[in-house]
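Worksheet for the structure shown next.
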Amino acid sequence: MRNEFYGLTTRTLENEHLRVEFLTDAGPRIVRLCLRGSEENWLAEVPDSRVATARGDYFFRGGHRLWYTPEQMPQTYQPENTPVTIEELADGVCLHQPIELMTGIRKSMAIRLARERAALTLTHRIENTGNQAIELAPWAITMLRLGRIAILPQMSGAGDEHSLLPNRNLVLWSYTRLDDSRLELSDDAVRVHARPQVPPCKIGHFNRAGWIAYWRAGVLFVKRFAVHANAPHPDLHCNAAVYCNDKYLELETLAPITRLACGESATHEETWEFYPSRRGQCYPINIGAMAQGVSRN
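Oh and the sequence shown: position 152 is 301 in our numbering, straight run, nothing missing.
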């Protein structure tokens with residue numbers, strides 16, 4: 150099945166539960182994600198959002214993309230406006246970007262749909278094809294429509310009152326205001342209410358639970374990822390973050406910082422799962438009261 154996204158050609162993968170649409174003329178990028186029987190795109194669509202660079206405009210477009218840290222201009226913002234090479238897999242596809250001329254980096258994204266549930270697995274890969282070693286961390290960014298609540302799970306604050314060591318961190322970006330009404334801090338989670346508001350806000354942490362979620366329209370969207378507790382991470386040791394502005398919300402996960410020699414690559418895998426709300430629903434992550442709480446908001 151072939152479609153288009155604001156003038157760019159796309160292809161579609163689907164099973165009985167999900168429809169996933171990705172670009173063929175640019176990327177690698179997923180641009181639409183719909184539950185079976187619905188045409189509503191869970192992913193944000195911002196086709197006119199762009200940043201000018203010396204090598205051309207970088208288009209944010211919306212959807213899901215692969216980036217890497219440290220975020221720098223112009224290295225991180227290499228335009229992704231040329232067709233991808235599509236490798237057919239038994240259970241999906243792998244999208245290969247042309248090599249970035251400035252950095253020698255080549256990105257790829259494998260998309261695999263689960264057979265019998267509303268889930269998919271994304272394997273993000275960054276390869277160093279240049280002639281110098283580079284240090285980076287793969288960074289998976291999912292841009293979602295505004296409307297409800299993102300959830301960053303927290304380690305419980307309850308415990309030994311005589312403990313002398315910290316057990317969690319919160320990282321704030323320079324534009325984030327502590328009194329931002331979108332932020333809700335509690336012992337079980339940090340919640341970000343996805344409302345169109347300026348200035349933007351971003352909050353991150355080292356997430357030991359290995360999941361980050363978004364509750365919207367009676368459905369829980371969960372991104373799972375591996376936790377590398379003993380490895381260094383970017384952004385003051387973050388492996389998960391939520392960003393929100395007046396157009397969209399981002400669920401972000403980050404792999405450890407890796408030094409790649411020429412020819413080496415780093416991977417970062419996410420599993421996406423959807424759980425529609427049903428009476429008596431038992432969620433496969435430890436958010437029982439949390440899910441009930443956000444459903445009342």
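Using N, Cα and C, we set each Cβ at its ideal position, and we do this for glycine too.
When DSSP states are grouped into helix, strand and coil, H377 belongs to the coil group. Burial check for N316: the Cβ neighbour count within 10 Å stays below 16, so the residue is exposed. At least 8 angstroms separates the beta-carbon of L332 from that of I300. Residue burial is scored here from C-beta neighbours: M258 has at least 16 other C-beta atoms within 10 angstroms and is therefore classed as buried.
Under the DSSP definition of a beta bridge, K396 lacks any partner. Per the Cβ contact rule, the segment 322-339 is in contact with the segment 284-303 (3 or more Cβ pairs under 8 angstroms). T234 and T416 have their C-alpha atoms roughly 18 angstroms apart. The alpha-carbon of F355 is positioned some 19 angstroms away from that of L398. The segment 320-329 makes no contact with the segment 370-379, as fewer than three CB pairs between them are under 8 angstroms. Here DSSP, grouped into helix, strand and coil, assigns D240 to coil. Nearest in C-alpha terms to R181, of all of L162, A380, R199, D197, is L162.
Here R365 is bridged, per DSSP, to V368.
Annotated three-state conformation of H273 is strand, per DSSP. The alpha-carbon of P247 is positioned some 28 angstroms away from that of A389. Distance from the CA of D384 to the CA of R261, rounded to the nearest whole angstrom, comes to 29 angstroms.
Beta-bridge partners of V320 (DSSP): G353. With a cutoff of 8 angstroms on beta-carbon distance, R266 and P228 are scored as not near each other. Cβ neighbours of L403 within its own chain (closer than 8 angstroms, five residues either side excluded): T218, A286, P287, W288, A289, H382, P383, D384, C387, N388, A389, A390, H417.
Here T159 is buried: its Cβ has 16 or more other Cβ atoms, across all protein chains shown, within 10 Å.
T218 is bridged by DSSP to A286.
Nearest neighbour of D395 by Cα position, chosen from P177, L184, V347, turns out to be V347. The shortest CA-to-CA distance from Y363 to any of L295, V376, W322 is the one to L295.
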